[in-house]
Structures are given as structure tokens and as C-alpha cells.
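As given, the protein sequences belong to chains W and E, one line each in that order.
First residue of the first sequence: 1, per full-length UniProt numbering; consecutive thereafter.
First residue of the second sequence: 1, per full-length UniProt numbering; consecutive thereafter.
Note that CB positions come from ideal geometry on N, CA and C, so glycine has one too.
Since the model is a prediction, treat every value here as computed from it, not as a measurement.
The block underneath contains the structure these notes are about, expressed in C-alpha cells.
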Amino acid sequence: MLHFLIIAPLLIAILAPFLYKKLKSVHTGWFVLVVPLFIFIYLLSLIRTVIHKPLLLQLNWMPSLGINYDLYVDGLSILFGLLISGIGTLVVFYSIYYLHKTEKLGHFYVYLLMFMSAMLGVVFSDNIFVFYMFWEFTSLSSFLLIGFWNHRHKSRYGAQKSMLITVFGGLSMLAGLIWMSLEVGSSSIRVLIQNSEIITNSPYFMPMLLLVLLGAFTKSAQFPFHTWLPDAMEAPTPVSAYLHSATMVKAGIYLVARLSLLFAGTDEFFLIVSGFGLLTLCWGSYMAVKQTDLKGILAYSTISQLGMIMAMLGFGTGIAVFAAIFHILNHATFKGSLFMVAGIVDHETGTRDIRRLGGLYTLMPITATLAIFGVFSMAGIPLPIMNGFLSKEMFFDAAVDLRLESGSIYQMVAPFFPIIAVIGSIFTFVYSMILFFKTFTGKLQLSKLERKPHDPPIGMLISPAVLVVLIVVIALFPGPFNKYLLTPAVTAVMGEVPHTKIYFWHGFYNAPLFMSLIVLFTGTLLYLTRDKWLHVYNRLPGRWSMNKTYDYVVNGIFKGSTVLTNSYMTGSLRSYFRIIVGFIAIIGLYTMYSSNGFALNINSTPFSLPEFLVALTMAVAAISIIFVHNRIAAILILGVVGYGLSLLFVFYSAPDLALTQLIVETVTVGLFLLCFYHLPELKRDKETSGNKLFNLVVSVGFGVLITLIGISSHSSKWFKPISDYFLENSYELGGGNNVVNVILVDMRGLDTMLEICVLGIAALGILAMIKYNRKGDLE
Amino acid sequence: MNEIALMFLHWSVLVSLVTVSISILLLLYRTIKGPTNPDRAIGLDAMGITLIALAALVAIQLNTTFFNEVILLIGILAFIGTVAIAKFIEKGVIIDHDRDKS
Chain W
1 MLHFLIIAPL LIAILAPFLY KKLKSVHTGW FVLVVPLFIF IYLLSLIRTV
51 IHKPLLLQLN WMPSLGINYD LYVDGLSILF GLLISGIGTL VVFYSIYYLH
101 KTEKLGHFYV YLLMFMSAML GVVFSDNIFV FYMFWEFTSL SSFLLIGFWN
151 HRHKSRYGAQ KSMLITVFGG LSMLAGLIWM SLEVGSSSIR VLIQNSEIIT
201 NSPYFMPMLL LVLLGAFTKS AQFPFHTWLP DAMEAPTPVS AYLHSATMVK
251 AGIYLVARLS LLFAGTDEFF LIVSGFGLLT LCWGSYMAVK QTDLKGILAY
301 STISQLGMIM AMLGFGTGIA VFAAIFHILN HATFKGSLFM VAGIVDHETG
351 TRDIRRLGGL YTLMPITATL AIFGVFSMAG IPLPIMNGFL SKEMFFDAAV
401 DLRLESGSIY QMVAPFFPII AVIGSIFTFV YSMILFFKTF TGKLQLSKLE
451 RKPHDPPIGM LISPAVLVVL IVVIALFPGP FNKYLLTPAV TAVMGEVPHT
501 KIYFWHGFYN APLFMSLIVL FTGTLLYLTR DKWLHVYNRL PGRWSMNKTY
551 DYVVNGIFKG STVLTNSYMT GSLRSYFRII VGFIAIIGLY TMYSSNGFAL
601 NINSTPFSLP EFLVALTMAV AAISIIFVHN RIAAILILGV VGYGLSLLFV
651 FYSAPDLALT QLIVETVTVG LFLLCFYHLP ELKRDKETSG NKLFNLVVSV
701 GFGVLITLIG ISSHSSKWFK PISDYFLENS YELGGGNNVV NVILVDMRGL
751 DTMLEICVLG IAALGILAMI KYNRKGDLE
Chain E
1 MNEIALMFLH WSVLVSLVTV SISILLLLYR TIKGPTNPDR AIGLDAMGIT
51 LIALAALVAI QLNTTFFNEV ILLIGILAFI GTVAIAKFIE KGVIIDHDRD
101 KS
């Protein structure tokens, strides 16, 4: 059933364009809505089974290659599956009201369903190849969705950027996964985890870890690969809410969580994941403060929250992993609702720029109420109805409470982690406040808005409202969520059942509470004095931002490859020939040198004086051609070489060859003379002396190579020649005394036939070239 | 007596071969040096004749009749080649199109 459900969105996607075309009166989204809803309900029904024992559903696809469509259902994948299908339902519902019927809805829902299917595949797949396949499907469908309004330049730019970065990471992840599966000998993720010692003790552990983490970091927008996420905000808002806050960007988180049983406990994993996570947390929250676009703030906020989750997964302690999983759930709820609120504001006012917004509270009271829950939950305001606070405090707890074995690497870095965490959270607080207060309070600037804003239709409010209700419910009654969702998920990540309960109040004297208070006060102070800090925000990071680096790298690759290609693709046949012959000479001579292939056997037949004189004539003629400046003279001297060759055939008693050579030589000379009528005077290209020297070296090198090969092959007779057979059997089998002719037409007649074909083709080609002009007409 | 005749034949063939070969070399000098293209054409034509001589001498040396065709062929080809070159040098074309047009 689950096998089918995962690809069900793909199958329904085939229908979407037809529904859009045939049933124009009904918004296509209504048909699509059924799919995620059904999956969500089915997954809910699975929870009870999975809580006790994870399911393994197998289906053979390519068993001979070890690629099977195996699904593994445990707490972690169920949690993600519920997020994907649940928020998917809400997003589809929201998009019904957000996107007008005049948009290309057929396209939109095909992409969205494709993405949903891919994402479900990612979280449930057990086979690394199937996993990777779905992983790239998410990149592809995300690319299509970001570029949905493809008439805009920025959409296309953002789509390309996200594609380049995520596919780059995806490919390196594939390399890492294949490497690990080769070490273990299985392509099942479950088996990989069971054999984690083989991998962690392997000498190639570091590259494998880095390759896999590269995939996770690019997908989850970790520093320095976060740069695609803000540009992906060109997508329609439902897409941003779904892909770039709740689901796709968590695929990397999912990968790290899924494999943390494999890597956890190693110092490399701890340092890289938590280090980059904290860096991303601080950088993302700092950059978010600078943004003026609502979705820009939310994008950087997503980056920083993802960094926080990543850092906690890196900590690897029980409380940290629990907090990470909890925050995945919380972040999906509040960030999804915030994106939808931003979409509503955009929809109702026509702008998302906080410098033009303000004072919307009175005009859009319901939207503002929804926003306040999302924002305060994101900032971690200590109120019992905000789920963000619960996970944020657990994050502080985890940062303080690292394993402190003496001498370990944990002890060295542990004192810094709480400080970094607090700094990141302060900025989180500041941008959350900006997000809310700059939009909904302050002075109303109606003149700058395109239309008078008011609360949107009720349908648009339902989805964010559901998420906001979830925020409050999770905060007030965390128990059931803990029991049915979080505990199984943490069990799947840690391999053991956690003993964590969620409390709002930990008592007075504990570090997390003080850290929360510091964040609260410093954050408020920073927000109130924000105008004074503006010039600092605007100066940093300046030209050091990752955006600029990305542009520099991409442009550099284009420019560099253009320069490189132009350097050898000159369009001059002469230089191509130089390259070809030069390489043959270098490689041939090197092979001959390294394999010691040269052989010389002087006990061959002696030659007579006349043979020598003819050979000398040919050599002198051949060399003199190079220095001749007259075309006819050159062709006549070439004739000398040809006639000399036929004479050599006479000397070595090959009358047939001599005959043929004579005729061909004469015809060739005649043909050359025919062509000369149409050719201009022979002019030497003015070449630099360096080029001339290079030509000389290449030609001499090639000549030496061919000479050496000739001498060597003549001197080393390894096998008996088969010519005796022809001599003996020419008359008996072929019925002819002329052995050469018997070979040509009888024993190896196929070659002759094809040579005749070659001549025929050449003749036809010449006819075609002469008789037909460019337009293809007969002259 | 017969042996002496064979010996004489052998040596005379060898000497002729060497002499004709040297003449080829000298003809090559004329072909390369020129100074005009007709000089070169004559050089090549004469070289064709020496080729006939060489082929015949080699046939005697190898005591075979298979090269007789070669000798005849060289005669024809040397003539055709020289005519073609001469026509080219004189008119610039080898095959006239004038008659087809009229």
C-alpha cells in the first residue's frame, strides 16, 4: 500500500493537466487536495504499528543490481511523512485561494505533486539508489517550481542557482553513499547502519563523511551553500512555504538524522555538523536582520533555524537529538504559517517590502493575529502557548549539557557553544520582531500601497490558522505528540528510547532560563536601537557575501572555460593537426621509451647500390619539396617520389604493386594539375620562428617515431608469417598463379569489395560536389 | 665459355643499373632546380625513360618476364603525363571545355 502511496502523487500528476483543461470551472487544486490528505490519514493510521516495531516493506525492482524499491518505516520517516503530507494538504488548500485560475495551474500542480512524491520517497526509501533517485527528483521539481514564473529573470536565476548547488551536493552524496555501500557490501541504509564499525574504522571514513555531508549541507542550505535559498523566494509563496521552509530543506536534516547512528560518536561528525550548524545559525540570523523583503527575512530565518537543528544533531546527546526532532516539527508549523502570512500580505498590499509596509494591524486583524503566534514562537518568547520556546530552551539546555569527558574534543569546544547559541538566538529575536512590528504596527503608508489592504477571504486564512492552532496545541499539550511522534523518531535516530519529557517550567535556577532572559533583553535592546546599527548591518558582509562568491565562481567558470576553449579551438586546421600529431609523437615515443620497445636486428637482407641510389633520390626529392615555392615544381617533384616508389616495388619483385603505383601516381599528378587552375598562387604563411621551430620538432618527432616503430616491428618477428599458406594454396584453392590477385579477389575478397565501394562513394561525392551548387539544384 | 658470358652479363647489368641510377639523381637535380617549369617537365619525362631502363635491367637481373607490362605501362604513362603537363604549362588547362559550349 505504501509503495503505491508514495508514487500516487506522480500518477495523479499525469491527470492534472487534463483536469485543468477539461474542467475549467473548478480550480484544479480541489482535485489535487485529495491526494496528500489521503496519504496523511493513511500515515496516521500507521503510527500505532510503527511505534512498537519499524516496518520494512520490500519490492524488487532491479535485484541483480541490488536496487530495490524497499521502504523502511520508523518513527523518523513517519514524522517526516506526516509533515510532508500534512503541510502538503494545507499548502494545496492555500494555493487554491492564492493562485488565480488564469495561472498555469496544470503545470503548477504537476510540479507540486512530483515534488510531494519525491519527498515521500526520500524519507521512506531504504535503498541508497532509490533514495538518491527521489532526492534528485526533489531538486528537479524544486527547480521547476522556483522557475514557475519563468518570464521573470530573477526566477530563472534563482532556479538555476538552486539547481546547480543542490545537484552538486546530490552528486557528491551519491558518491559518498556508493562508497559506503561498497565498503559494507549492501545498498540498504539499514544494513549500512548495522555495519557502522566497518565504515567508521575505514581509512576512507573522512572522505565518505564529507561527501555525504556535502549533500546534506547543500540541500539544507547550510553555510556556505545557503545562498540558493534566498533566491528561491522568487517561487510562488505556497511553494516557498512548502519546499523552502517545511520539507525539502529538511531533506538534508533527515539525511543527517538518518545516518547519525552511522556516524555519531566520531569527533569528525561532531565537529563538522555542529560547527557548521552553529555557523549557519549565526550567519543566517545576522543576515536576516538586514533584509527588507518579508520572504527574504523568512528565507534567512529558515537558514538559521536549519543550522540550529543541524547543530543539535551534531551534538548527538539525548537531549540535543530530542530538541532537534522537536524543533523540526515546531519549525515546520510556525515557518509554514509565517510564509503563508507573508503571502497574504503580498496578495493584499501588492508588496513585501517592509519599508513600504506598516500599520496593517487595524486593517488586517486576523492576519496579524496569526502572524503574532508564528513570530513569537520563532523568537522563542517565553510564553506557555508558544512551541518555539520549548524547543529553543531545549536547545540551550543541549548546548550547555554536552558530554564533558576530560580530554575529549567535546571539552575543548563545549564552553563556546552556549555563547554562540545565545548570539544566534539574539539575532533571531531581533529579526522576528522586525518581521512583525515593521509590518503590522507603526505608521500606515497607504500612498505607497497598490490597493487598500483588508483581510483576505476565509479560505486563504484556514491553512495558516490550522498551523497556528498546532503551535498552541503542541505548546499546551506536548504529551501526545511526544509519545506518538517524537519519541519514536528520537528512538530511530539515537537507537535507544529517550527519557525526555517536555516541560515549560524548569524552575528558577537553571542555565537555559537565564540564557532565554539574556536573549530577551539584549534582543529587545538591539531591536529598539536598530536604526543606530543600520550602517553596521549594511557594511558587513559587503563584498564577502556568499552571493557574490557564487556569482564570481559561476562567472569565473564560464569565463575560464571560454578562455580555455579559445586557447586550443583556434579554428586553424594547422594547429589541430599540430596537436594531434604532437600528441601521437609524445605518447608513442614515451611508450616506446617506458616499455623498452625498441628492437634492432641487422641480420636482414643486404641491399644493393642501385636500391640505395633510388632511395637517396626519393629522400632528396621529399626533403626538397618543403623548400619549393612553386606549385607545379612541388607536384612534379612529388611525382619523382611516386615513381621512385614504384621502382622500389620493381626492385622487391612486386609487379602488380608497381603497375598500380605508376597509374595512380600519374592520375594523381594529373588531378593536382587540374586543381591548380582554380587555385591562387602558393603563398607561405608568415609564421613566427617559434611556431616554425614547433612545427619542426613535431614533424621530426613524428617521423622519428614512425621510423623507430618500422625498424622495431621489422626487427622483432614474434610469429611465423602466414604467407606460406597463400603461396602453397594459391593454385589448389584459388586456381590462379598470381598470388596477389588470388588474395585480392578470392581469399580476402570482402576487403576488395569494400574498397570498390570506397572508390564508388568517392566518385559520387566528387560528382555531387561539382554538379550541385549550394542551393541543392543541378547546375 | 657459358660461365664467362653469364658473368659478363651480370656485371654489365650491375654497372648499367648504377649508371642509370646516377642519371636519375642528376635528373632529380634538374627537376628540383628548374629553373623553369618546362625544365622540370623534361626532367620528369627523362626520368620516366630511365625508369623503363631500370625496370628492364632489374627484369634481366631477376631473370623474369613479369616486368614487361611495367615497361610498356611506363612508356604510355610517361607520354601521357608529359603531354598533360605540357598542355597545362601552355594553356593552363588540361581538358578543354570550349567544344562542349559551342
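- Counting C-beta pairs with one atom in each stretch, the segment 149 to 159 of chain W and the segment 116 to 128 of chain W have fewer than three that are closer than 8 Å, which means they do not touch.
- Look at Glu90 of chain E: its C-beta is not under 8 Å from any C-beta on chain W.
- Listed as beta-bridge partners of Ile67 of chain W by DSSP are W:Met62.
- In the three-state reduction of the DSSP assignment, Tyr97 of chain W falls in the helix class.
- When CB distances to chain E are screened at a threshold of 7 Å, the residues of the segment 633 to 644 of chain W falling below it are Ala633, Leu636, Ile637, Gly639, Val640, Tyr643, in chain order.
- Judged by their CB atoms, Val493 of chain W and Val321 of chain W are nearer to each other than the 8 Å cut-off.
- For Gly374 of chain W, the closest alpha carbon among the candidates W:Val466, W:Asp397, W:Pro453, W:Met364 is that of W:Val466.
- In the structure shown, Asp353 of chain W adopts extended strand secondary structure according to DSSP, grouped into three states.
- Judged by DSSP in its simplified three-state form, Val73 of chain W adopts strand.
- Put simply, of W:Lys392, W:Phe417, W:Ser447, W:Tyr527 the residue whose alpha carbon is nearest the alpha carbon of Phe437 of chain W is W:Tyr527.
- Segment contact: the segment 248 to 265 of chain W against the segment 68 to 83 of chain W, three or more CB-CB distances shorter than 8 Å; contact assigned.
- At a Cβ-Cβ threshold of 8 Å, Val641 of chain W and Ala622 of chain W count as neighbours.
- Between Ala221 of chain W and Ile303 of chain W, the C-beta spacing is below 8 Å.
- Contact between Tyr550 of chain W and Thr218 of chain W does not hold, since the beta-carbon distance rounds to 12 Å and is not under 8 Å.
- Burial check for Val191 of chain W: the Cβ neighbour count within 10 Å stays below 16, so the residue is exposed.
- In the three-state reduction of the DSSP assignment, Asp346 of chain W falls in the helix class.
- Contact of Gly670 of chain W with chain E is assigned, a C-beta pair being separated by under 8 Å.
- Membership of Leu679 of chain W in any alpha helix (DSSP H) is not indicated, and neither H nor E is assigned to it by DSSP.
- Only buried fits Cys282 of chain W, as 16 or more other CB atoms lie within 10 angstroms of its CB.
- Membership of Leu57 of chain W in the beta strand (DSSP E) is indicated by the continuous run 55 to 57.
- Boundaries cannot be given for Tyr731 of chain W, as no alpha helix (DSSP H) includes it and DSSP labels it neither H nor E.
- For chain W, the residues of the segment 23 to 47 of chain E that bring a beta carbon within less than 8 Å of one of its beta carbons are Ile24, Leu25, Leu28, Thr31, Ile32, Gly34, Asn37, Arg40, Ala41, Gly43, Leu44, Met47, in chain order.
- Burial check for Leu6 of chain E: the Cβ neighbour count within 10 Å stays below 16, so the residue is exposed.
- Within the same chain, Asp45, Gly48, Ile49 come within 7 Å of Ala78 of chain E by CB-CB distance, once the 5 residues on both sides are set aside.
- Contact annotation, Leu636 of chain W with Thr31 of chain E: C-beta distance approximately 6 Å; criterion of less than 8 Å satisfied.
- In this structure, DSSP gives Ser716 of chain W a state outside helix and strand, which the three-state scheme calls coil.
- Against chain W, the CB of Gly81 of chain E has a partner CB under 8 Å away; the residue lies at that interface.
- Per DSSP, Trp283 of chain W is one residue of the alpha helix (DSSP H) stretching across 267 to 290.
- Residue environment: Trp135 of chain W is assigned as buried (16 or more neighbouring CB atoms within 10 Å of its CB, all protein chains considered).
- In the DSSP annotation of this structure, Lys443 of chain W is not part of any alpha helix (DSSP H), being labelled neither H nor E.
- Interface residue (Cβ-Cβ distance to chain E less than 8 Å): Pro655 of chain W is classified as such.
- For the 8 Å CB-CB criterion, Ala619 of chain W and Val698 of chain W do not form a contact.
- Considering only W:Met378, W:Ile462, W:Leu402, the residue with the shortest C-alpha distance to Met433 of chain W is W:Met378.
- Measuring C-alpha to C-alpha distances from Ile6 of chain W to each of W:Ser117, W:Pro457, W:Gly582, W:Leu446 identifies W:Ser117 as the nearest.
- Between the C-alpha atoms of Ala216 of chain W and Val256 of chain W there is a straight-line separation of about 7 Å.
- Residue contact with chain W for Ala55 of chain E: present (Cβ-Cβ distance below 8 Å to some residue of chain W).
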